[in-house]
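Trainee: Quick one: this structure, given as structure tokens, is what I'll be asking you about.
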Amino acid sequence: MSSKSEMENSMAPTNEKVNKYIPNDLAFSVLSKLSLKSLKRFECVCKSWTLLFENPNFVSMYRNNFISSHISNYDDTSLLLQEIISPFTKEEYSMFYLLSGERFENKVKLDLPPPFYEDGYDIKILGSGSINGTLCLTQRNTPFVLWNPANEEFKVIPLSPIEFVPPYPAHFWDRLGFGYDHIRDDYKVIRNVGFYPLIESTYYSLLQVKQPWNWEDLSDDPIWELYSLRSNSWKKLDANTPRDIWEIKCDQIYMDGICHWWGGEQPEIIKEYLVSFDLIDEVFFTTPMPSYMDKKFYSGLVHLVMLNGSVAFISNYAETTPLHISILGEPGVKESWTKLYIVDLLPSVERPPIEAGNKGIILFKREIEGKRLSWFDLNSQMIEEFDADIDGKWNRNIVIYKKNLIPTEGLND
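At position 178 of the sequence shown the residue is numbered 178 (full-length UniProt numbering), and the sequence of numbers has no breaks.
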């Protein structure tokens, strides 16, 4: 049993200094496993940590961990391929296929749900892939359809009661998003409806439209509306809706309850940013483009993707220059953009990419004895071809599909 004097000695203050130094190897190992959001917040700890992404050793470690940390997200995933037959004609029709297997060599044709049995013209897939096995399809002048190809459940979404007829001959346009509110277990579709006037031109003269119009007649506030599967109804969004949004592409991605688009301001596209809609709180917010994007940047080749559990955009300055892949650490925070990869591809690879696949794979089209699907592996920096031949076909969309046989409440009712 210890004596009282021994206990007092053990508790007595000492002049020995505690070594607070953390070896770089250990620090790099720990930091490289953090999410980009957490890592950005730790940059203020010391000056050297603010320069982590300028250190080649750390960048290499972080890339490896980034690719490997979300591999399970892509277990049992397939590619959903949409092929267009006789594009841009009255006979246009969409065919949908599931590509599965290690090299996506298995190709199975899918039967479309109603109302697409008789008319497969101008069908679009909303978003970057399935959500819990469910896809959202849309077609001009027809309702939206939620569809689970695995269990053949579907839901024809009712038409919106909101109607807006402009006082001038006009073309209709809309911007669309599809996502999931995990708090309420609710699938939602967001829609931005607007019109622009027909003008006298070679194209519009074919439509025999000559009625004059004035900019004063245009609505300053395009309509934003939201559909909820749980309530099976639409509602108009009145608060905090963005104005003057110009989309570089119609692509939309979804992650963790938020829909994202790449947009900018009209009429001169001076500012570009990520436009986001929180499906849980039902509010919009924006993330400015990263500081390293300048005016030389070719915005027409920006492509939003979901890459290993993160929002990413793939971009380049011209059609023949390397691709820059930037990851967003925290939506709404400009400083959280980080350029993680610069990929130099062969001229035969078409830009922009089609989609991001599993385990750090980027999907492209490539001209090799015809047009074939290819992938670029960010980890190995190698490019390979699929066994799927797409030569002679026009492909509107390729998205990630993950099968789910569990019934969804509200579908098939």
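Glycine is no exception: its CB is placed at the ideal position from the N, C-alpha and C atoms.
Please report the distance separating the alpha-carbon of residue 454 from that of F277.
Mentor: The requested residue 454 does not occur in the structure, where the chain is confined to residues 1 to 413.
Trainee: Nearest to L137 by alpha carbon, out of A150, N151, E152 and F116?
Mentor: On the sequence shown, residue 137 is found 137 positions in, with the first residue counted as 1. The candidate whose alpha carbon is nearest that of L137 is F116.
Trainee: Considering only their Cβ atoms, is the gap separating G360 from N379 smaller than 7 Å?
Mentor: For the purposes of this step, residue 379 is taken as the residue at position 379 of the sequence shown. For the purposes of this step, residue 360 is taken as the residue at position 360 of the sequence shown. Yes, Cβ-Cβ distance for N379 and G360 is below 7 Å.
Trainee: For Y401 versus L110, is the C-beta distance shorter than 7 Å?
Mentor: One-based indexing of the sequence shown puts residue 401 at position 401. One-based indexing of the sequence shown puts residue 110 at position 110. Not closer than 7 Å, so no.
Trainee: Just grab the DSSP bridge partners of D181 for me.
Mentor: One-based indexing of the sequence shown puts residue 181 at position 181. D181 pairs with D186.
Trainee: Could you give the residue range of the alpha helix (DSSP H) that holds E343?
Mentor: For this step, residue 343 is matched to residue 343 along the sequence shown. According to the sequence shown, residue 343 is Val rather than Glu. From DSSP, V343 is part of no alpha helix (DSSP H) but of the beta strand (DSSP E) over W337 to V343.
Trainee: Determine whether the beta carbon atoms of A356 and V399 lie at a separation below 7 Å.
Mentor: The residue labelled residue 356 in the question sits at position 356 within the sequence shown. The residue labelled residue 399 in the question sits at position 399 within the sequence shown. Contact: no.
Trainee: Could you pull the start and end residues of the beta strand (DSSP E) that N106 belongs to?
Mentor: Taking the first residue of the sequence shown as position 1, residue 106 is located at position 106. First-last of the beta strand (DSSP E) with N106: N106 to L110.
Trainee: For H182, is the classification buried or exposed, using 16 other Cβ atoms within 10 angstroms of its Cβ as the cut-off for buried?
Mentor: Counting from one through the sequence shown, the residue named residue 182 turns up at place 182. Exposed, by the Cβ-count rule.
Trainee: Which residues does DSSP pair with Q139 in a beta bridge?
Mentor: In the sequence shown, the residue the question calls residue 139 occupies position 139. Answer by DSSP bridge pairing, in chain order: I123.
Trainee: Suppose you measure from the CA of I85 to the CA of Q139; what does that come to, to the nearest Å?
Mentor: Stepping through the sequence shown from its first residue, residue 85 is reached at position 85. Stepping through the sequence shown from its first residue, residue 139 is reached at position 139. Their backbone Cα atoms lie some 16 Å apart in a straight line.
Trainee: To which residues of the same chain is F154 closer than 8 Å at the C-beta, ignoring the five residues directly before and after it?
Mentor: As a working mapping, residue 154 is identified with position 154 in the sequence shown. Same-chain partners within the cutoff: P113, P114, V145, L146, W147, N148, L411 and N412.
Trainee: So what does DSSP say about P56, is it helix, strand or coil?
Mentor: The residue given as residue 56 occupies position 56 in the sequence shown. If DSSP states are grouped into helix, strand and coil, P56 belongs with the helices.
Trainee: Count the other CB atoms within 10 Å of the CB of I406; is the residue buried (16 or more) or exposed (fewer)?
Mentor: Sequence index remark: in the sequence shown, residue 406 carries index 406 (1-based). Exposed is the call here.
Trainee: Taking the alpha carbon of L229 as the reference point, which residue from V302, P158, I325 and Y292 has its own alpha carbon closest?
Mentor: Looking up residue 229 in the sequence shown gives position 229. For the residues V302, P158, I325 and Y292, the minimum Cα distance to L229 belongs to P158.
Trainee: Can you tell me which of N308, E335, R41 and M293 puts its alpha carbon nearest to the alpha carbon of N316?
Mentor: The sequence position of residue 316 within the sequence shown is 316, counting from 1. Closest option to N316, Cα to Cα, is M293.
Trainee: DSSP puts Y376 in a beta bridge; with which residues?
Mentor: Position 376 of the sequence shown holds residue 376. The question names Tyr, but residue 376 is Phe in the sequence shown. Per DSSP, I362 and I383.
Trainee: If you draw a straight line from the C-alpha of D67 to the C-alpha of L340, how long is it?
Mentor: Against the sequence shown, residue 67 aligns to sequence position 67. Against the sequence shown, residue 340 aligns to sequence position 340. Looking at the sequence provided, one finds Ile at residue 67 rather than Asp. Roughly 11 Å between the two C-alpha positions.
Trainee: Which same chain residues end up closer than 7 Å to residue 447 when comparing Cβ atoms and leaving out the 5 residues on each side of it in sequence?
Mentor: Outside the shown range of the chain (1 to 413) lies residue 447, about which nothing can therefore be said.
Trainee: Apply the 10 Å Cβ neighbour rule to N132 and answer buried if 16 or more other Cβ atoms are within range, or exposed otherwise.
Mentor: Your numbering for residue 132 matches position 132 in the sequence shown. Answer is exposed; the Cβ neighbour count stays below 16.
Trainee: Check whether the Cβ atoms of N189 and I223 lie closer than 7 Å to each other.
Mentor: Within the sequence shown, numbered from 1, the residue matching residue 189 stands at position 189. Within the sequence shown, numbered from 1, the residue matching residue 223 stands at position 223. One point to set straight first is that residue 189 is Val, not Asn, in the sequence displayed. No, the pair does not count as a contact, with Cβ atoms beyond the cut-off.
Trainee: Note down, one range per segment and in chain order, each beta strand (DSSP E) of at least 3 residues found wholly within the segment 255-294.
Mentor: List check, beta strand (DSSP E) in window: 258-265, 272-278 and 283-288.
Trainee: State the DSSP-derived secondary structure class of L307, mapped to helix, strand or coil.
Mentor: Mapped onto the sequence shown, residue 307 falls at position 307. DSSP places L307 in strand when its eight states are reduced to three.
Trainee: Check each candidate in E225, D185 and S231 and name the one with the smallest Cα separation from G177.
Mentor: Stepping through the sequence shown from its first residue, residue 177 is reached at position 177. For G177, the nearest C-alpha among the options comes from E225.
Trainee: With H, G and I counted as helix, E and B as strand and the rest as coil, what does DSSP make of P212?
Mentor: Working through the sequence shown from its first residue, we reach residue 212 at position 212. Low per-residue confidence applies at P212: pLDDT is 48, beneath 50, and the placement is therefore not dependable enough to give any value.
Trainee: Could you spell out the range, first to last residue, of the alpha helix (DSSP H) harbouring L36?
Mentor: Working through the sequence shown from its first residue, we reach residue 36 at position 36. Element bounds for L36: L36 to F42.
Trainee: To the nearest angstrom, how far is it from the Cα of K236 to the Cα of L34?
Mentor: Locating residue 236 in the sequence shown gives position 236, where the first residue counts as 1. Locating residue 34 in the sequence shown gives position 34, where the first residue counts as 1. Rounded to whole angstroms, K236 to L34 spans 39 Å at the Cα level.
Trainee: Determine, using beta carbons only, whether S374 and I383 come nearer to each other than 7 Å.
Mentor: Counted from its first residue, the sequence shown places residue 374 at position 374. Counted from its first residue, the sequence shown places residue 383 at position 383. In contact: S374 and I383 (Cβ atoms closer than 7 Å).
Trainee: In this structure, how does DSSP classify R230 when only helix, strand and coil are distinguished?
Mentor: Within the sequence shown, residue 230 is the residue found at index 230, counting from 1. In this structure, R230 counts as coil in the three-state DSSP scheme.
Trainee: Using the C-alpha atoms, what's the distance from I327 back to S100?
Mentor: Start at 1 with the first residue of the sequence shown, and residue 100 comes out as number 100. Start at 1 with the first residue of the sequence shown, and residue 327 comes out as number 327. Using only the alpha carbons, I get a separation of about 27 Å.
Trainee: Helix, strand or coil, according to DSSP, for K402 in the structure here?
Mentor: Numbered from 1 along the sequence shown, position 402 holds the residue referred to as residue 402. Strand at K402.
Trainee: Is the beta carbon of K47 closer than 7 Å to that of G329?
Mentor: Reading the sequence shown from its first residue, position 329 is the one you call residue 329. Reading the sequence shown from its first residue, position 47 is the one you call residue 47. Contact: no.
Trainee: Going by C-alpha to C-alpha distance, which of F53, N106 and I280 sits closest to T77?
Mentor: Taking the sequence shown and counting its residues from 1, the one referred to as residue 77 is at position 77. The shortest C-alpha separation from T77 is found at N106.
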